[in-house]
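Numbering (UniProt numbering), first residue to last: 1 to 177. Have a look at the structure below, then the notes.
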């Protein structure tokens with residue numbers, strides 16, 4: 001996505017490769033400000049409670065009506081942990097405490113980085129929100145695998161249940177292509 005007008009002075013921008021750079025950027029034709037368009041960071045949690053995992057059914061596009069882990073875009077001024085806690089609360093009304101960083105997925109084809117945390121659900125209080133039409137705890141055998149919204153969420157859950165069987169949850173980085 002190119003930026004049409006400079007955020008500093010309002011003048012038009014043009015697409016070009018700035019000096020000492022190797023990527024095409026939107027550059028202001030007046031003040032020369034270089035506008036960077038970088039990947040979006042998505043943060044989320046795998047909320048755990050009594051051996052179950054909390055999933056939410058999306059009430060927004062894309063993939064409305066499909067199940068996912070609570071996750072969303074990191075906001076400016078937020079740490080990845082704070083963003084994951086906020087997204088979990090926004091999508092499930094659940095308060096969680098982070099256990100540890102679990103997975104990082106590079107999803108280059110959509111310019112996203114997913115950073116997922118394991119988290120403990122602090123109580124059994126959760127429910128639907130504007131973003132989620134349903135929120136439920138699932139045992140592994142009951143996960144609606146054919147109705148998972150995104151491949152990154154499916155892989156996160158598959159890794160999680162494999163690691164749980166081993167009793168070890170190492171932090172790993174994957175590329176999703």
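From the three backbone atoms N, C-alpha and C, an ideal C-beta is built for every residue, glycine too.
| Check | Outcome |
| --- | --- |
| If you follow the alpha helix (DSSP H) that residue 87 is part of, which residue opens it and which one closes it? | 80-92 |
| So which of 28, 56, 53 and 47 has the shortest CA-CA distance to residue 99? | 47 |
| Any idea what DSSP makes of residue 154, helix, strand or coil? | helix |
| Leaving aside the five residues before and after residue 136 along the sequence, list all residues of the same chain whose C-beta is less than 7 Å from its C-beta, in chain order. | 55 |
| Residue 149 lies in the beta strand (DSSP E); which residues open and close that run? | Where residue 149 is concerned, there is no enclosing beta strand (DSSP E), given that its DSSP letter is neither H nor E. |
| Would you check if the segment 148-161 and the segment 67-81 touch, i.e. whether three or more CB-CB distances between them fall below 8 Å? | yes |
| Between residue 151 and chain C, is the shortest Cβ-Cβ distance under 9 Å, so that the two count as touching? | Any reference to chain C falls outside this structure, which holds one protein chain only. |
| Can you tell me whether DSSP reads residue 142 as helix, strand or coil? | helix |
| Beta-carbon within less than 6 Å of residue 41's beta-carbon, same chain only, minus the 5 sequence neighbours each way: which residues are those? | 74 and 113 |
| Where does residue 119 land, buried or exposed, given buried means 16+ other C-beta within 10 angstroms? | buried |
| For the candidate residues 82, 11 and 172, whose alpha-carbon lies nearest to that of residue 104? | 172 |
| Quick check on residue 116: buried or exposed, where buried means 16 or more other Cβ atoms within 10 Å of its Cβ? | buried |
| The beta strand (DSSP E) with residue 105 in it runs from where to where? | 96-107 |
| Select from 64, 81, 23 and 107 the residue whose C-alpha is nearest the C-alpha of residue 101. | 81 |
| Ignore the nearest five residues each way along the sequence and tell me which others in residue 156's own chain have a CB closer than 6 Å to its CB. | 103 and 116 |
| For residue 13 and residue 107, I'd like the C-alpha separation in whole angstroms. | 28 Å |
| Counting only the same chain and skipping the five closest in sequence on each side, list residues whose C-beta sits under 7 Å from that of residue 6. | 13, 28, 30, 31 and 33 |
| Once DSSP output is grouped into helix, strand and coil, what is the label at residue 163? | helix |
| Does the Cβ-Cβ distance between residue 133 and residue 59 come in under 9 Å? | yes |
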